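Residue numbers (our numbering), protein chains in the order written: chain X, 448 to 642; chain V, 54 to 296; chain B, 22 to 298; chain E, 13 to 274. Glycine included, every Cβ here is placed at the ideal spot set by N, Cα and C. Please read all numbers here as calculations on a predicted model, not as lab measurements.
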Amino acid sequence: MNHTLRISPRLFALVPAAVAINLVVGTIVKELSLPVFLDTVGTVLVAVLAGWRAGALVGTVSQLLLGLLTGYQYLPFVVIQWLLALLASLAGNRRGYAAVWRTVVWGIGAGACCGAVSSVISYYLFGGITGGGVSWVVTGLRSLGASQPMAVFAGSSSTDILDKGIVIVVVGFVLRALPRRILGRFPMAARAVGK
Amino acid sequence: MSLADRAHPFTAGTVTLALVALALVLPTTSGTAALYGVTIVIAIATGAGVGVRRGLLAVLPIWILLFILQGVLGDAPRMTAPWGGTLSQPGLQWALSQGSRLGVIATASLAFASVFDPHRFLQAAIARRWPFGAAFLLVATLDAADRLGAQARQLREAQRTRGVRVTGSIATRARALPALVFPLLLASLTEADDRALALETRGLMIQGPRTAIDPPQDRIVDHVVRWCALVCVVLAIIWRVRS
Amino acid sequence: MRFVARNLRVRYPVQERWAVDGIDLEIAPGHVTWLTGALGSGTSTLLLALAGLAPRLTGGERSGTVLADNVDVAAISPLSQGIAYLGPSPALQISGIAKTVHDEVAVGPMNLGQPRDTCLAATRDALERLGVGHLADRAPNALSGGETQRVLVAALLATRPAAWLLDEPFSALDHASTVRLQRLLRELAAEGATVVVACDDADTMLDVADRMIVMQQGRIALDGDPRDLLASDAVHAAGAGSTDAAELAREAGMAAPRPIRRADLIDLATRGRTDAG
Amino acid sequence: MPADVALRMSGVVFRYPSGPAVIDGVDFGVRPGEAVGLFGSNGAGKSTLLRLAMALEHPVAGSIETLGLPTAGRGPEDFAPLAGFLFQQPERQLFAASVRSECSLAPRLAGWGEARTADSVAEVLNDLGLTETAEEHPYDLPLPRRRLVALAAILTADPQLILLDEPTAALDVASRDRVIGVVRDRARRGRAVLAITHDAGFAHEALDRGLLLDQGRVTHDGPVRDVIDDRRLVRPAALAVALALGLPPGNDRRAEVAGALR
Chain X
448 MNHTLRISPR LFALVPAAVA INLVVGTIVK ELSLPVFLDT VGTVLVAVLA GWRAGALVGT
508 VSQLLLGLLT GYQYLPFVVI QWLLALLASL AGNRRGYAAV WRTVVWGIGA GACCGAVSSV
568 ISYYLFGGIT GGGVSWVVTG LRSLGASQPM AVFAGSSSTD ILDKGIVIVV VGFVLRALPR
628 RILGRFPMAA RAVGK
Chain V
54 MSLADRAHPF TAGTVTLALV ALALVLPTTS GTAALYGVTI VIAIATGAGV GVRRGLLAVL
114 PIWILLFILQ GVLGDAPRMT APWGGTLSQP GLQWALSQGS RLGVIATASL AFASVFDPHR
174 FLQAAIARRW PFGAAFLLVA TLDAADRLGA QARQLREAQR TRGVRVTGSI ATRARALPAL
234 VFPLLLASLT EADDRALALE TRGLMIQGPR TAIDPPQDRI VDHVVRWCAL VCVVLAIIWR
294 VRS
Chain B
22 MRFVARNLRV RYPVQERWAV DGIDLEIAPG HVTWLTGALG SGTSTLLLAL AGLAPRLTGG
82 ERSGTVLADN VDVAAISPLS QGIAYLGPSP ALQISGIAKT VHDEVAVGPM NLGQPRDTCL
142 AATRDALERL GVGHLADRAP NALSGGETQR VLVAALLATR PAAWLLDEPF SALDHASTVR
202 LQRLLRELAA EGATVVVACD DADTMLDVAD RMIVMQQGRI ALDGDPRDLL ASDAVHAAGA
262 GSTDAAELAR EAGMAAPRPI RRADLIDLAT RGRTDAG
Chain E
13 MPADVALRMS GVVFRYPSGP AVIDGVDFGV RPGEAVGLFG SNGAGKSTLL RLAMALEHPV
73 AGSIETLGLP TAGRGPEDFA PLAGFLFQQP ERQLFAASVR SECSLAPRLA GWGEARTADS
133 VAEVLNDLGL TETAEEHPYD LPLPRRRLVA LAAILTADPQ LILLDEPTAA LDVASRDRVI
193 GVVRDRARRG RAVLAITHDA GFAHEALDRG LLLDQGRVTH DGPVRDVIDD RRLVRPAALA
253 VALALGLPPG NDRRAEVAGA LR
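Set out below in structure tokens:
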């Protein structure tokens, strides 16, 4: 990020806010002890409103910040944030947030892709271990006799489909309920909900 | 003020990155295990000992799973375990090396986090003519996360006074989610425009050189330590490539 | 700094209505100009346009010209041209990069790249002049609304601007702080600065403003001496509010020109009472 | 079932863990039909007192009864909708896509039927002059209007005790008069109001009684005009003229003073 990359003041205001949303929504969900993370709402929201590059930037800064709180052993998973930003923006260009069922379809699709990539990462870098809920699923499947790659893939993608799927559905609800004022300021949002 | 607090922010950063790089580069289990020991010593010596405990907490679950998945359920050749069962030889080897690698990364980064002062880092970045945008983004994000966190706590109280129940069955708690999350998103998006205005009117978008108000001291010892860390990493890479 | 607006029209995105709908205006240094009007009259938009922030940052469109010392304000970052703008919501304008109030006040000079000792001297003077020296070591996020407002004015003062564009700068201040800021605005104008204040409270601006501009639906409805306008019916007719005393006198059926200060109304009321008694 | 006293605090002491006493022995009550103001400098404990009344905080000593129910062992959701609480920057809790649906939240959570909810929402929106913006998105309204929506959203469930923290902050004159009207109307209809304010005009026009708080103790409890003494709060013109003309408390508001001046 150097002087040449002319980031508009709006992006300098939006990115910190979106990273804060990623962290704070994740904390709210943890406090409600719900069985999902939902720590990528900010990434998806900005990817739809300001394009996948902005979304990827939000994901990257979120990962850097998370590293300060929980350690940088999960830094390689920043790739998932980039992928999710790309898919969220893609969905936006194809009116993917216009109705609940569309968000569910895109949610499952994005969740499966993210799950697949994260299982590859966790398989090669962590031998299928990442700590947290998904690893216990993997261990369970392994002990049932599933092969290591199979267990890791099934474990990662099932939890990611649930988590990323809910994030995209939630962002869908938000986008469809945005005031005219914000829709006017973010033309991509209007297209994402098919207005 | 511990050693780590007094050191120049870039020094603490460089040492941390060096340890992480070494953890990824060093091949053998004995190498990564030794490095984990070195990391613990450095953290405690420089007054960032709290990073050791936090790092341990972060990787303990991973170690247990590594042992089960790789050690117990790993492939042949097997070896007899002290309690009579069998363990996978390569699996255990891999678990120990990967486990200690993750231990180094977690301990180093959490030790660094415990002494990281974002404002001091920003002053250092300004003094060294780093691109202001990147340093600003990191510090402004930490600030935004604090503010939004406080806003979320107030919102939870406000919605409870309107009758939203946040405890009880999983369905009740899930139903509370929109009331606890959507206002934050709407407020953040609306206020992003006012924030953008403020960034402009406070001069944070000016491209010119900036003045560091109280830049941290960058002593000779800081330079020496940074160079040493760099040299270690380069040596490790050369050694790894050659062997 | 002299502002000249010619046939200025400004509109926000998605909105058909022009928030500022054809304004010709000249604002000279050395005076305090007070903008007022009902909600939606366009005072805030005019301030944003004068600062070069609308439409560059707010989106939407602008037609006509706004010149600050013959330079079009649209292209420049206000602070680097000596224009200090303070928006209506204080908390959102804290920089987010300062650990203490002292560093927050130093953010302006820091960004302008002024020499370090100049920055520190300007910061000290500004803290003292706004009476917020005792907050110097506090965290900027932990201040009350009023304290935040005073710290922001100090932060702008530290850059020694030639022009001040302030949107509701008194909104969160208690009585003592209001008096202090009133005095400061008078001093800044006397020192040759151009001061423009959008404010909804006539009693606060009565003894501060040299010139009163009442806006209605994006146009200038009235432009004159506050003391004359506030005593007349014109302000109410233009949808704005006069002072508390004048509004009470009007509700009591008194004809214009009416008393605009509380003390004058009391004299009138008690003298009227003794004559009748 | 309105209790004879809407809010009672006896011998209340409150401190944050290992901190000084923020509320240091407070006894007072608010009866239905009363509109009471809480005055005092920043840090005197005003907000804490309001939070204690809504069971957002609990005292270390003494007892609090909100609408006849002890707050001990209860949370704010147990008092909704009988008690309503307006926070500072209340617009930050809005999330519905229209003013009408935002205002329907509290009544629905209280289990009201559709018809009863719709009637209550219509009435409150009319009181606050928001009827024509009922289908608008709250975030499309200017900030003062959005704040009125937040106030409307707590009034639609008809709370018996209305707790307000700086209800007229950042409002334009027209919106402020709406708030004054609503507070006086609810008091007249037997609801109890307890409001923190630094707005002398609102205090004089809308409130009857004033409690002055200093370092966690009530140092004055009497007619609100005693607290508006030009030292702490600048007297509005109506009060100044009323005092000059010797008009008694309760007959010294704007309308009466305007009449006397004719």
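- DSSP links W55(B) through a beta bridge to V218(B), M233(B).
- At the C-beta level, P102(E) and A169(E) stay beyond 8 Å of one another.
- Rounded to whole angstroms, the Cβ separation of V218(B) and W55(B) is 5 Å, and the two are in contact under 8 Å.
- Contact between R215(V) and L121(E) holds: their C-beta atoms lie close to 7 Å from each other, under 8 Å.
- Here the region 80-95 of chain E does not lie against the region 187-195 of chain V, with fewer than 3 beta-carbon pairs under 8 Å apart.
- Residue environment: Q260(V) is assigned as exposed (fewer than 16 neighbouring CB atoms within 10 Å of its CB, all protein chains considered).
- When A284(B), A270(B), D285(B) are compared, the shortest CA-CA separation from V269(E) is found for A270(B).
- The beta carbon of I97(V) sits closer than 8 Å to the beta carbons of V105 from its chain, once the five residues preceding and following it are set aside; these are given in chain order.
- Per DSSP, reduced to three states, the secondary structure at T133(V) is strand.
- Within the same chain, A178 come within 8 Å of A187(V) by CB-CB distance, once the 5 residues on both sides are set aside.
- A direct Cα-Cα distance of roughly 20 Å separates D244(B) from G85(B).
- Proximity of chain X to P161(B) at the Cβ level (cut-off 8 Å) is not reached, the minimal Cβ distance being about 15 Å.
- In the same chain as R229(E), and ignoring 5 residues on each side of it, the C-beta atoms closer than 6 Å to its own belong to D36, in chain order.
- Taking a beta-carbon distance threshold of 8 Å, R248(V) counts as an interface residue toward chain X.
- Contact between the region 148-165 of chain V and the region 221-241 of chain V is not established, with fewer than three Cβ pairs separated by less than 8 Å.
- Within chain E, no residue has its beta carbon less than 9 Å from that of A637(X); the closest one is some 14 Å off.
- As the crow flies, the alpha-carbon of R589(X) is around 44 Å from that of G641(X).
- Put simply, the CB of I48(B) is far from chain E, with every gap to its CB atoms at 8 Å or more.
- If you draw a straight line from the Cα of V195(E) to the Cα of G80(E), it comes to about 22 Å.
- Nearest to Q142(V) by C-alpha distance, out of L155(V), V157(V), L126(V), is L126(V).
- For L62(E), not one C-beta of chain V is nearer than 8 Å to its own C-beta.
- Within chain B, the residues whose beta carbon sits less than 7 Å from that of A249(E) are D265, A266, L269, R283, L286, listed in sequence order.
- Distance check between R204(B) and each of T291(B), A75(B), D228(B) places D228(B) closest, using alpha-carbon atoms only.
- When only Cα atoms are considered, N469(X) and A557(X) end up about 17 Å apart.
- Annotated as distal: L119(V) and Q520(X), with beta-carbon spacing of 8 Å or more.
- Of all residues in the region 223-253 of chain B, none comes within less than 7 Å of chain E when Cβ atoms are compared.
- Counting along the chain, G245(B) sits inside no alpha helix (DSSP H); it lies in the beta strand (DSSP E) bounded by residues 240-245.
- With respect to chain E, the C-beta atom of D42(B) has no partner C-beta closer than 8 Å.
- Going by beta carbons, A215(E) and V246(E) fall outside the 8 Å limit.
- Of all residues in the region 65-89 of chain E, only M66, L68, G87, P88, E89 place a beta-carbon less than 7 Å from a beta-carbon of chain V.
- In this chain, the alpha helix (DSSP H) harbouring V133(E) covers 126-139.
- Chain X places a beta carbon closer than 8 Å to that of P34(B), counting this residue as a contact.
- At a cut-off of 8 Å between beta carbons, R137(B) contacts chain V.
- Distance from the CA atom of N54(E) to the CA atom of L530(X), rounded to whole angstroms, is 49 Å.
- Cβ neighbours of L178(B) within its own chain (closer than 6 Å, five residues either side excluded): A147.
- Within the model, the alpha-carbon separation for L630(X) versus G239(B) is close to 24 Å.
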